[in-house]
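Undergrad: Here's a structure for you.
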Amino acid sequence: MVIGRRDDRIGRCSEMAGAGETPMNTPWAILLCKFRDHDDEPYGPGTQRYQDLFTSAGGGRFGMVDFFAEMSHGRVDLSDSRVFGWYKLDKRRSDYTGSGQNPAGRNELVAWARAAAAKAGDDLSPYFGVVVLTNVPTDMFGGRGVVVSHDERNPDNGMSGFSPSMLGQEMGHAYGLNHSRDDASGADYTDRWDIMSTANARMAPHPFFTERDVSGRPIFQVGPGLNAANMRSVGWLDESRVWRAGDDEYGMPVVLRPLHRRDLPGYLALEVGPYLVEFRVPERWDAGIGAATVLVHQFAGGHSYLENGAAGHPNLSQSDTFGAGASGEHLAPWLEIEVIQIDPVTRTATLRVDRRRDRRPVVGPAASIFGTASDAGGIAFVNGRIVIIPPRSPSLHLLEAVASMEEADRLTSANARWALQEQALAVLQRSSSLRMEQLNGFFTPSVRVAEIDPKGLSAV
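For the sequence shown, the working numbering assigns the number 3 to the initial residue and increments by one for each residue that follows.
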């Protein structure tokens with residue numbers, strides 16, 4: 003473990019735990035499932051392809067064990083994953099009705115697979131989650147401890163749903179990752195250097211699974227890797243190897259190594275204000291990204307955002323800059339990052355960091371405008387308007403729930419994040435239902451007031 007290491011030439015290291023931490027064991031149960039009216043076994047006979055894709059048997063062959071070990075900086079370990087099946091489902095393909103608009107149907111498919119495992123006497127309780135792979139085109143999605151995929155080919159590039167590029171995103175959802183975005187559009191799937199934007203990302207043909215479709219396109223693709231902001235959001239970024247800018251930096255040189263190469267010495271990311279800066283090179287999972295480049299991200303609302311540089315593009319090369327704030331306003335905060343040099347041979351990117359703290363005077367001293375420290379209501383700023391929340395107003399519960407939703411986005415544990423979000427949403431649902439009943443009761447008292455339980459109202 004490295005604590006507060008410092009190199010005066012290239013800056014300051016985070017005072018957080020380093021790479022000596024014990025990895026979190028998150029084995030997956032891979033459930034191979036056949037429908038009753040389809041007996042196909044893609045990439046058979048046998049299950050070797052799936053062993054190579056999902057278990058330690060495929061170590062060094064660009065499977066999911068390797069992917070998550072590298073993307074988590076060694077924080078998660080999938081090596082105890084196991085392949086089960088093929089199971090024969092007691093359902094026809096036509097029985098499946100799930101979709102993004104019918105999540106209940108999707109849950110049914112997972113339940114069918116779990117039931118088939120139970121019927122076969124296979125215990126799934128030791129596993130972090132399940133990956134359900136169907137033998138014919140069905141669906142593809144990922145969520146809380148569940149992934150479903152199939153061998154259907156992407157019409158745009160011929161890629162299979164069994165590709166690590168697709169599986170990495172869907173399994174990423176199960177760990178709590180959302181789709182990545184660029185700041186310019188704010189839309190999902192727009193960070194082409196991040197796997198949470200596949201299939202709109204820069205992928206590369208799989209180096210070991212080399213099958214091609216009838217048009218000569220690679221069926222299996224890999225990458226790209228995760229960006230630093232996404233890695234941090236789930237607690238995977240090695241914070242002991244993040245250089246952090248001070249409040250004031252002038253011409254500070256910082257040398258970065260490729261983000262996912264924790265085997266190389268040096269810093270893997272740079273943090274300045276709300277931004278994380280990373281260096282990516284076209285090798286391994288990033289083989290399809292094109293030229294070596296420096297990228298800038300920030301994280302907000304559960305999503306990573308890729309920032310454009312001063313020249314209007316996100317992939318920064320030599321002499322490119324990224325800035326925020328106004329350099330001419332001498333009291334206002336400002337920062338600028340310049341790419342001095344990129345050396346793909348030595349796998350280094352040299353950056354210059356300038357940062358100025360906010361020197362604008364703070365008006366004070368402060369005092370409570372309500373004259374008391376608790377149960378005194380509050381104020382909210384909405385679209386430039388000040389809204390006064392009276393003491394003991396039920397709206398306070400709504401504001402607290404909204405605040406909890408925002409706080410949840412900063413939790414690195416997916417389970418803790420989901421639990422806090424569920425709790426906050428339950429408060430919002432309960433409060434809104436109650437207020438709706440009160441509103442309806444007011445406008446139609448002869449019908450609705452009698453249905454409101456006074457005890458229930460006082461208890462909420």
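Where a beta carbon is used, it is the ideal one built from N, C-alpha and C, also for glycine.
Would you give the residue range spanned by the beta strand (DSSP E) that Pro276 belongs to?
TA: By one-based count along the sequence shown, residue 276 stands at place 274. Looking at the DSSP string, Pro276 is not in any beta strand (DSSP E), and its letter there is neither H nor E.
Undergrad: Return the bridge partner residues of Asn27 from the DSSP annotation.
TA: The count along the sequence shown starts at 1 and reaches residue 27 at position 25. For Asn27, which the question treats as bridged, DSSP gives the partners Asp79.
Undergrad: So, with DSSP's three-state summary, where would you put Met254?
TA: Position 252 of the sequence shown, counted from the start, is the residue given in the question as residue 254. If DSSP states are grouped into helix, strand and coil, Met254 belongs with the strands.
Undergrad: For Gly160 and Gly147, which I take to be in contact (beta-carbon distance under 8 Å), what is that distance rounded to the nearest angstrom?
TA: The count along the sequence shown starts at 1 and reaches residue 160 at position 158. The count along the sequence shown starts at 1 and reaches residue 147 at position 145. The pair is not a contact, with the Cβ atoms about 30 Å apart (cut-off 8 Å).
Undergrad: Three-state secondary structure (DSSP) at Ser320?
TA: Walking along the sequence shown from the start, residue 320 turns up at place 318. At residue 320 the sequence reads Gln, which differs from the Ser that was named. Reduced to three states, the DSSP call for Gln320 is coil.
Undergrad: Who are the Cβ neighbours of Ala189 in its own chain at under 8 Å, not counting the five residues just before and after it?
TA: Along the sequence shown, one-based indexing puts residue 189 at 187. Taken in chain order, the residues that qualify are Arg183.
Undergrad: In three-state DSSP terms, what is Glu340?
TA: As a working mapping, residue 340 is identified with position 338 in the sequence shown. It is a strand residue.
Undergrad: Val67 by DSSP, collapsed to three states: which one?
TA: For this step, residue 67 is matched to residue 65 along the sequence shown. In this structure, Val67 counts as helix in the three-state DSSP scheme.
Undergrad: So, with DSSP's three-state summary, where would you put His315?
TA: Stepping through the sequence shown from its first residue, residue 315 is reached at position 313. Residue state, collapsed to three classes: coil.
Undergrad: Considering just the uninterrupted stretch of the alpha helix (DSSP H) at Ser167, what are its terminal residues?
TA: Counting from one through the sequence shown, the residue named residue 167 turns up at place 165. Secondary structure note for Ser167: its alpha helix (DSSP H) is the uninterrupted segment Pro166 to Ala176.
Undergrad: Please list the terminal residues of the continuous beta strand (DSSP E) segment that includes Phe143.
TA: As a working mapping, residue 143 is identified with position 141 in the sequence shown. Phe143 to Gly145 is the extent of the beta strand (DSSP E) around Phe143.
Undergrad: Which one of Val224, Phe37 and Leu400 has the shortest CA to CA distance from Leu111?
TA: The residue given as residue 111 occupies position 109 in the sequence shown. Cα-wise, what sits closest to Leu111 is Phe37.
Undergrad: From Val429 to Asp322, what distance separates their C-alpha atoms?
TA: Position 427 of the sequence shown, counted from the start, is the residue given in the question as residue 429. Position 320 of the sequence shown, counted from the start, is the residue given in the question as residue 322. Val429 and Asp322 have their C-alpha atoms some 47 Å from each other.
Undergrad: Determine the DSSP secondary structure at Pro220, reduced to helix, strand or coil.
TA: On the sequence shown, position 218 is the one that residue 220 refers to. Pro220: strand per DSSP, three-state reduction.
Undergrad: For Gly373, count the other beta carbons within 10 Å of its own beta carbon; 16 or more makes it buried, fewer makes it exposed. Which is it?
TA: The count along the sequence shown starts at 1 and reaches residue 373 at position 371. Confidence at Gly373 is low in this model, with a pLDDT of 46, below 50, so its placement is unreliable and the value that follows should be read with caution. Gly373 is exposed by the Cβ-count criterion.
Undergrad: Since Asp54 is in the alpha helix (DSSP H), which residue starts that stretch and which ends it?
TA: Here residue 54 corresponds to residue number 52 of the sequence shown, with the count starting at 1. Taken as a continuous stretch (DSSP letters only), the alpha helix (DSSP H) holding Asp54 covers Gln50 to Phe56.
Undergrad: Within 10 angstroms of the Cβ of Asp41, are there 16 or more other Cβ atoms? Answer buried if so, exposed if not.
TA: Taking the sequence shown and counting its residues from 1, one reaches residue 41 at position 39. Classified as exposed, Asp41 has fewer than 16 neighbouring CB atoms from the shown chains inside 10 Å of its CB.
Undergrad: Specify whether the stretch 224-242 and the stretch 291-299 touch according to this definition: at least 3 beta carbon pairs, one from each stretch, less than 8 Å apart.
TA: yes
Undergrad: Look at the alpha carbon of Gly253 and the alpha carbon of Phe324, and state the distance between them as a whole number of angstroms.
TA: Residue numbering aside, residue 253 sits at position 251 when the sequence shown is read from its first letter. Residue numbering aside, residue 324 sits at position 322 when the sequence shown is read from its first letter. Going by the C-alpha atoms only, they are around 14 Å apart.
Undergrad: For Leu111, report the span of its alpha helix (DSSP H) as first-last.
TA: Numbered from 1 along the sequence shown, position 109 holds the residue referred to as residue 111. Run containing Leu111: Pro105 to Lys121, per the alpha helix (DSSP H) assignment.
Undergrad: Just tell me which of Ala117, Ala201 and Ala271 has its CA closest to the CA of Thr350.
TA: Residue 350 sits at position 348 when you count from the first residue of the sequence shown. It is Ala271.
Undergrad: Using only CA atoms, which one of Trp287, Pro346 and Arg219 lies nearest to Pro157?
TA: Here the question's residue 157 lines up with position 155 in the sequence shown. Cα-wise, what sits closest to Pro157 is Arg219.
Undergrad: Let me check understanding here. Comparing Cα to Cα, which of Asn317, Phe143 and Val341 lies closest to Asp193?
TA: The sequence position of residue 193 within the sequence shown is 191, counting from 1. Among Asn317, Phe143 and Val341, the Cα nearest to that of Asp193 belongs to Asn317.
Undergrad: Measuring only the C-alpha atoms, how far is Met3 from Gly314?
TA: In the sequence shown, counting from the first residue as 1, residue 3 sits at position 1. In the sequence shown, counting from the first residue as 1, residue 314 sits at position 312. In this prediction, Met3 scores a pLDDT of 23, lower than 50, which makes its location untrustworthy; the coordinate-derived value is nonetheless stated afterwards. Rounded to the nearest angstrom, the two C-alpha atoms are 39 Å apart.
Undergrad: Taking Cβ positions, are Leu169 and Ser187 nearer each other than 8 Å?
TA: For the purposes of this step, residue 169 is taken as residue 167 along the sequence shown, with counting starting at 1. For the purposes of this step, residue 187 is taken as residue 185 along the sequence shown, with counting starting at 1. Between Leu169 and Ser187, the C-beta gap is not smaller than 8 Å, which leaves the two residues out of contact.
Undergrad: Check whether the stretch 169-180 touches the stretch 198-208, taking contact to mean three or more Cβ pairs, one atom from each stretch, closer than 8 Å.
TA: yes
Undergrad: From the DSSP output, in three-state form, read off Ala410 for me.
TA: If you number the sequence shown from 1, residue 410 lands on position 408. Of the three classes helix, strand and coil, the one that applies to Ala410 here is helix, per DSSP.
Undergrad: With a threshold of 16 other CB atoms inside 10 Å of the CB of Phe210, please say whether the residue is buried or exposed.
TA: Along the sequence shown, one-based indexing puts residue 210 at 208. Exposed is the call here.
Undergrad: Checking the sheet assignment: what are the DSSP bridge partners for Val132?
TA: Here the question's residue 132 lines up with position 130 in the sequence shown. For Val132, which the question treats as bridged, DSSP gives the partners Ala31 and Val148.
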